[in-house]
Amino acid sequence: MLASIDFSAPAHEVARLLIGVTLLIDGVGGRIVETEAYDQTDPASHTYAGQTARNVSMFGPPGHAYVYRSYGLHWCFNTVCREAGHGAGVLLRAIEPTHGIETMRARRGLQELKLLCAGPGRLAQALGIDSRLNGQSLSEPPFELLAREAGEIEVLTGPRIGISKAVDVPWRFGLRGSRFLSRGFAAEPGTQQR
DNA sequence: ATGTCGATTTGCT
DNA sequence: GCAAATCGACATT
């Protein structure tokens, strides 16, 4: 069943809606368990200072991909939010591997399931994400978004990771109880730290 | 279990 | 020139 996400909503709402949704690229991927929201009013966002060659797709239509290179070597994957021109998006930080696990293991050169997609760079490597996908629509191949199963899920929130500005904005979201998070949430003792 | 360091693109917010 | 929405290797406790 296809997921119907309203990507024109504010980034922090979309970030919450995406938890539990299954993302596949060429049939490979899994259930989204961790996201972070960024928007143009946010000093930690790539779009804070306006449009540049790197971030153009974040100013494009919602429901498309923004892919950028992090620290010069990792790819990171975002979904663009709000109406075109707002420069808002959601960073996918962790996925629970469910589809094409052997493909992901091969791409990552790694056996351990827990670390296959636990982190934005790892997730991008496992799903084969690179700049070719930048600006592409998420409602067309190779992308597939499947609605989460019926029933309640609990979403945790906390401060975002790896930034030095707006560190107190609680725009990191995670699926409670998942062992596939990139890190635990402070509010939830008992969840792993790594 | 925790620390530090290197790889290397992008924009200077 | 330098910091960055990161990760893995290697060192030390």
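The end of the first sequence is residue 193 by numbering that gives the first Met the number 0, with every number in the run present.
Cβ coordinates follow ideal geometry from the N, Cα and C atoms, glycine included.
Inset, instruction - Would you mind stating whether Cys-75 and Ala-123 have Cβ atoms separated by less than 8 Å? - result: Taking the first residue of the first sequence as 1, we reach residue 75 at position 76. Taking the first residue of the first sequence as 1, we reach residue 123 at position 124. Yes, these two residues count as a Cβ contact at 8 Å.
Legend entry - Cα-Cα separation between Leu-137 and Ala-64, rounded to whole angstroms: Looking up residue 137 in the first sequence gives position 138. Looking up residue 64 in the first sequence gives position 65. Straight-line measurement puts the Cα of Ala-64 at about 7 Å from the Cα of Leu-137.
Inset, instruction - Evaluate contact between the stretch 35-49 and the stretch 76-89, counting only Cβ atoms and requiring at least three cross-stretch pairs below 8 Å. - result: Counting Cβ pairs under 8 Å, three or more are found: they touch.
Inset, instruction - Give me the Cβ distance between Pro-9 and Arg-81, rounded to the nearest whole Å; I'm assuming they're in contact under 8 Å. - result: Translated into positions along the first sequence, residue 9 becomes position 10. Translated into positions along the first sequence, residue 81 becomes position 82. Between Arg-81 and Pro-9 the Cβ distance is about 6 Å, and since that is below 8 Å, they are a contact.
Legend entry - For Ala-87: DSSP bridge partner residues: Within the first sequence, numbered from 1, the residue matching residue 87 stands at position 88. Cys-80.
Legend entry - Beta-carbon proximity check, Arg-182 vs Ile-152, cutoff 8 Å: Taking the first sequence and counting its residues from 1, the one referred to as residue 182 is at position 183. Taking the first sequence and counting its residues from 1, the one referred to as residue 152 is at position 153. It is not a contact, given that the beta carbons lie outside the stated cut-off.
Legend entry - Where Ser-130 falls: helix, strand or coil (DSSP): As a position in the first sequence, residue 130 is number 131, starting the count at 1. Shown here, Ser-130 sits in a helix according to DSSP, grouped into three states.
Inset, instruction - Please look up how many angstroms separate the CB atoms of Pro-96 and Leu-112, rounded, as I've assumed it's under 8 Å. - result: Within the first sequence, numbered from 1, the residue matching residue 96 stands at position 97. Within the first sequence, numbered from 1, the residue matching residue 112 stands at position 113. With a contact defined as Cβ atoms closer than 8 Å, Pro-96 and Leu-112 qualify at about 6 Å.
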